[in-house]
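Heads up: the structure comes next, in structure tokens.
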Amino acid sequence: MASKPSSLTPITDLPIPKIPIFHTQFLQFSFSPSSSSLPRNLLVASKLVSRRKSSVCSNSLKQETLQNPTATQDPITSSNKLVLVVGGTGGVGQIVVASLLNRDVKLRLILRDPEKATTLFGKQDEEKLQVMKGDTRNAENLEPSMFEGVTHVICCTGTTAFPSRRWDGDNTPERVDWEGVRNLVSALPRSLTRLILVTSVGVTKSNELPWSIMNLFGVLKYKKMGEDFVRNSGLPYTIIRPGRLTDGPYTSYDLNTLLKATAGERRAVVIGQGDKLVGEVSRLVVAEACIQALDMDFTQGQIYEINSVPGDGPGSDTEKWKELFKAAQLQ
Ligand SMILES: NC(=O)c1ccc[n+]([C@@H]2O[C@H](COP(=O)([O-])OP(=O)(O)OC[C@H]3O[C@@H](n4cnc5c(N)ncnc54)[C@H](OP(=O)(O)O)[C@@H]3O)[C@@H](O)[C@H]2O)c1
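Numbered by the UniProt record's numbering, the letters in the sequence shown go through residues 1 to 331 in order.
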């Protein structure tokens, strides 16, 4: 285990504990959409393995899918970006990847099992999608060559909050949410335009009920440590803290089906700051928030909590997302 940096903000600075109203839905908050088993002993050297392979927005969009963002709504489409997605096989990550592929944004993935990229996203042109093998827990996996040309990073790695098969091989919250994030951030080029980190609501309240239950094995504490490392890194960052995730994962989908996934009824977006939100959010909404924040200058250095509720939402309309993020900062 690598030594911990001295720049880390002490976790003891947490607010004085209060007992909030107990939300029964909170206990369903699992950090785990599935219980797929992890391959053991996958800690191999990184290498390129395949080149082929609280404001609510309502609008008139009735179907919020990942398909067909229009040019006027979606300035994110860009050929001069190279977005690195870490955690791209996960529930949020696979939507991020599919959505960026659909927008013709060049992508690189760091995956523990690169074969999963083909299963999830099909055979893609090497110009569009590069897949590299790496495990964020091992700093030596994260070679500088893996970050060459990367302009933006979206990190949506995670594991289960409670012991499960996904902890196999010591893939615990401490190792993934803290050490993995620290290793990744330490390896990123200083020239980066933006790092988006997905963490969780409740990270500043891990010693308060009901968050302390979720934090029994440290998941909120370690996510907060990851956040603090990012905040102190000097890199331009935006942190997205989702509520309990709904919809998906879409692991059995092919790319076309994934692009047609909808956020169901839960399309209206609620964004807050100050770790006050409690609720649920569609994975599609979280993925879109990460993508939208990439290019908004004023989201740099900001931390947002995000929920989604029944109703029409912003879809991929950048102007509506701008309003949502800005309104959260004004509150
Ligand atoms: N579930 C909830 O209700 C909830 C609520 C709030 C916040 N969150 C957080 O939101 C984020 C996204 O959630 P999600 O449901 O999309 O996550 P997820 O489905 O559990 O995906 C986790 C991703 O992290 C990758 N990963 C795990 N360990 C890794 C390692 N050592 N090295 C490299 N990659 C690793 C996984 O890759 P493999 O394919 O190799 O396993 C997978 O791609 C996570 O941080 C999660 O904790 C979840």
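Glycine included, each C-beta is placed from N, C-alpha and C at the ideal position. Since this is a predicted model, take the numbers as computed values, not measurements.
What residues are listed by DSSP as bridge partners for ASN307?
Within the sequence shown, the letter at position 307 stands for residue 307. Under the DSSP definition of a beta bridge, ASN307 partners with VAL270.
Stretch-stretch touch, CB-based, cutoff 8 Å, three pairs: the region 163 to 179 with the region 239 to 247
Cβ pair count under 8 Å is below three, so no.
Rounded separation between ASP125 and GLN94 - CA only
Here residue 125 is taken as the residue at index 125 of the sequence shown, counted from 1. Here residue 94 is taken as the residue at index 94 of the sequence shown, counted from 1. If I take the Cα positions, the gap works out to 17 Å.
So VAL85 and LEU120 are supposed to be a Cβ contact under 8 Å. How far apart are they, rounded?
To locate residue 85, count along the sequence shown from 1; it is residue 85. To locate residue 120, count along the sequence shown from 1; it is residue 120. With 8 Å as the limit, VAL85 and LEU120 do not qualify as a contact, their Cβ atoms being about 12 Å apart.
Candidates GLU305, MET296, GLN331: closest to ARG320 by CA position
As a first step, residue 320 is located in the sequence shown; it is residue number 320 there, counting from the start. For the sequence presented, residue 320 should be read as Lys rather than Arg. Residue MET296 is the option with its Cα nearest to LYS320.
Rounded to the nearest angstrom, how far is the Cβ of CYS156 from that of LEU184, given a contact under 8 Å?
Taking the first residue of the sequence shown as 1, we reach residue 156 at position 156. Taking the first residue of the sequence shown as 1, we reach residue 184 at position 184. Not quite, the Cβ-Cβ distance comes to about 11 Å (not below 8 Å), so this is no contact.
Go through its chain and collect everything with a Cβ distance to VAL96's Cβ below 8 Å, but skip five positions before and after it.
Along the sequence shown, read from residue 1 onward, the residue named residue 96 stands at position 96. Same-chain partners within the cutoff: VAL85, GLY88, ILE154, CYS156, ALA287, CYS290, ILE291.
Please classify LYS81: does DSSP put it in a helix, a strand, or coil?
By one-based count along the sequence shown, residue 81 stands at place 81. Reduced to three states, the DSSP call for LYS81 is coil.
Going by DSSP, what residue range makes up the alpha helix (DSSP H) through LEU259?
In the sequence shown, counting from the first residue as 1, residue 259 sits at position 259. Note, LEU259: alpha helix (DSSP H), 255 to 259.
With a threshold of 8 Å, establish whether the CB of THR89 neighbours any heavy atom of ligand 1.
Working through the sequence shown from its first residue, we reach residue 89 at position 89. The answer is yes for THR89.
Rounded to whole angstroms, what's the CA-CA distance from GLY149 to ASN256? Just pull it up for me.
Here residue 149 refers to the residue found at position 149 when the sequence shown is read from its first residue. Here residue 256 refers to the residue found at position 256 when the sequence shown is read from its first residue. Taking the straight line joining both Cα atoms gives about 28 Å.
In angstroms with no decimal places, state the Cα-to-Cα distance between ARG52 and LYS123.
Locating residue 52 in the sequence shown gives position 52, where the first residue counts as 1. Locating residue 123 in the sequence shown gives position 123, where the first residue counts as 1. Low local confidence applies: a pLDDT of 30 at ARG52 is under 50, so the model's placement there is unreliable, with the coordinate-based value given in what follows. Rounded to whole angstroms, ARG52 to LYS123 spans 7 Å at the Cα level.
If you reduce the DSSP assignment to three classes, tell me which class GLN300 lands in.
Here the question's residue 300 lines up with position 300 in the sequence shown. Here GLN300 sits in coil by DSSP.
I'd like to know whether the C-beta atoms of ARG194 and THR238 end up nearer to each other than 9 Å.
What you label residue 194 is simply residue 194 of the sequence shown in a count that begins at 1. What you label residue 238 is simply residue 238 of the sequence shown in a count that begins at 1. Contact: yes.
Is the distance from the Cβ of GLY158 to the Cβ of GLY90 below 9 Å?
Start at 1 with the first residue of the sequence shown, and residue 158 comes out as number 158. Start at 1 with the first residue of the sequence shown, and residue 90 comes out as number 90. Contact flag set, yes.
When you compare each of ASP275, ILE271, LEU277, ASN215 to VAL285 by their alpha carbons, which one comes out closest?
One-based indexing of the sequence shown puts residue 285 at position 285. When each option's Cα is compared against that of VAL285, the closest is ILE271.
At the level of alpha carbons, what is the spacing between LEU294 and PHE217?
Your numbering for residue 294 matches position 294 in the sequence shown. Your numbering for residue 217 matches position 217 in the sequence shown. So the alpha carbons of these two residues sit roughly 31 Å apart.
Anticipated Cβ contact below 8 Å, ALA139 with LEU258, distance rounded:
As a working note, residue 139 is residue 139 in the sequence shown. As a working note, residue 258 is residue 258 in the sequence shown. That pair is no contact at about 32 Å.
Three-state secondary structure assigned by DSSP to ARG103
The sequence position of residue 103 within the sequence shown is 103, counting from 1. Here ARG103 carries a coil assignment [DSSP, helix/strand/coil].
Of the choices THR204, PRO236, GLY264, whose alpha-carbon is the least far from that of residue 375?
The shown model of the chain, from 1 to 331, leaves out residue 375, and the question about it has no answer.
Tell me where the beta strand (DSSP E) around GLN130 begins and ends.
Numbered from its first residue, the sequence shown carries residue 130 at position 130. Note, GLN130: beta strand (DSSP E), 129 to 133.
Using only alpha-carbon positions, find the residue among LYS260, GLY274, MET225 that is nearest to GLN329.
As a working note, residue 329 is residue 329 in the sequence shown. Comparing Cα positions, the closest option is GLY274.
Would DSSP call CYS155 helix, strand or coil?
As a working note, residue 155 is residue 155 in the sequence shown. Reduced to three states, the DSSP call for CYS155 is strand.
Excluding the five sequence neighbours on either side, which residues of its own chain have a C-beta within less than 8 Å of the C-beta of LEU101, listed in chain order?
Translated into the one-based positions of the sequence shown, residue 101 becomes position 101. Cβ neighbours of LEU101 beyond the five flanking positions: LEU107, PHE121, GLN124, LYS128, LEU129, LEU255.
So what does DSSP say about LEU27, is it helix, strand or coil?
Here residue 27 refers to the residue found at position 27 of the sequence shown. With a pLDDT of 31 at LEU27, under the threshold of 50, the modelled position of that residue is not reliable, and no figure is offered here.
Comparing the CB of GLY93 with every heavy atom of ligand 1, is any distance shorter than 8 Å?
Numbered from 1 along the sequence shown, position 93 holds the residue referred to as residue 93. For GLY93, the CB falls within less than 8 Å of some heavy atom of ligand 1.
Buried or exposed (CB count within 10 angstroms, at least 16 for buried), VAL44
Taking the first residue of the sequence shown as position 1, residue 44 is located at position 44. With a pLDDT of 24 at VAL44, under the threshold of 50, the predicted position of this residue should be treated as unreliable, though the coordinate-derived value follows. VAL44 is exposed by the Cβ-count criterion.
Could you check the C-alpha separation between SER282 and LYS322 for me, to the nearest Å?
Reading the sequence shown from its first residue, position 282 is the one you call residue 282. Reading the sequence shown from its first residue, position 322 is the one you call residue 322. Taking the straight line from one Cα to the other gives about 19 Å.
Please list the terminal residues of the continuous alpha helix (DSSP H) segment that includes VAL285.
Here residue 285 corresponds to residue number 285 of the sequence shown, with the count starting at 1. Per DSSP, VAL285 belongs to the alpha helix (DSSP H) from 283 to 293.
Quick check on DSSP: helix, strand or coil for VAL198?
Taking the first residue of the sequence shown as 1, we reach residue 198 at position 198. Correct three-state label for VAL198: strand.
Measuring CA to CA, which of VAL92, ASN80, LEU82 is closest to ASP247?
Within the sequence shown, residue 247 is the residue found at index 247, counting from 1. The option with the nearest alpha carbon to ASP247 is VAL92.
How about THR199 and ASP168: do their beta carbons lie closer than 9 Å?
Counting from one through the sequence shown, the residue named residue 199 turns up at place 199. Counting from one through the sequence shown, the residue named residue 168 turns up at place 168. No, these two residues do not count as a Cβ contact at 9 Å.
Under the DSSP definition of a beta bridge, which residues are partnered with ILE110?
Along the sequence shown, one-based indexing puts residue 110 at 110. Per DSSP, VAL86, MET132.
To the nearest whole angstrom, what separates the beta carbons of GLY226 and ALA268, a pair I think is in contact under 8 Å?
In the sequence shown, residue 226 corresponds to position 226, counting from 1. In the sequence shown, residue 268 corresponds to position 268, counting from 1. In fact, because the Cβ distance is near 29 Å, the residues do not count as touching under 8 Å.
Consult DSSP for TYR250 and reduce its assignment to one of helix, strand or coil.
Here residue 250 refers to the residue found at position 250 of the sequence shown. TYR250 falls in the coil class under three-state DSSP.
Is the closest heavy atom of ligand 1 to the C-beta of ASP275 under 8 Å?
As a working mapping, residue 275 is identified with position 275 in the sequence shown. Flag unset: Cβ of ASP275 not near ligand 1.
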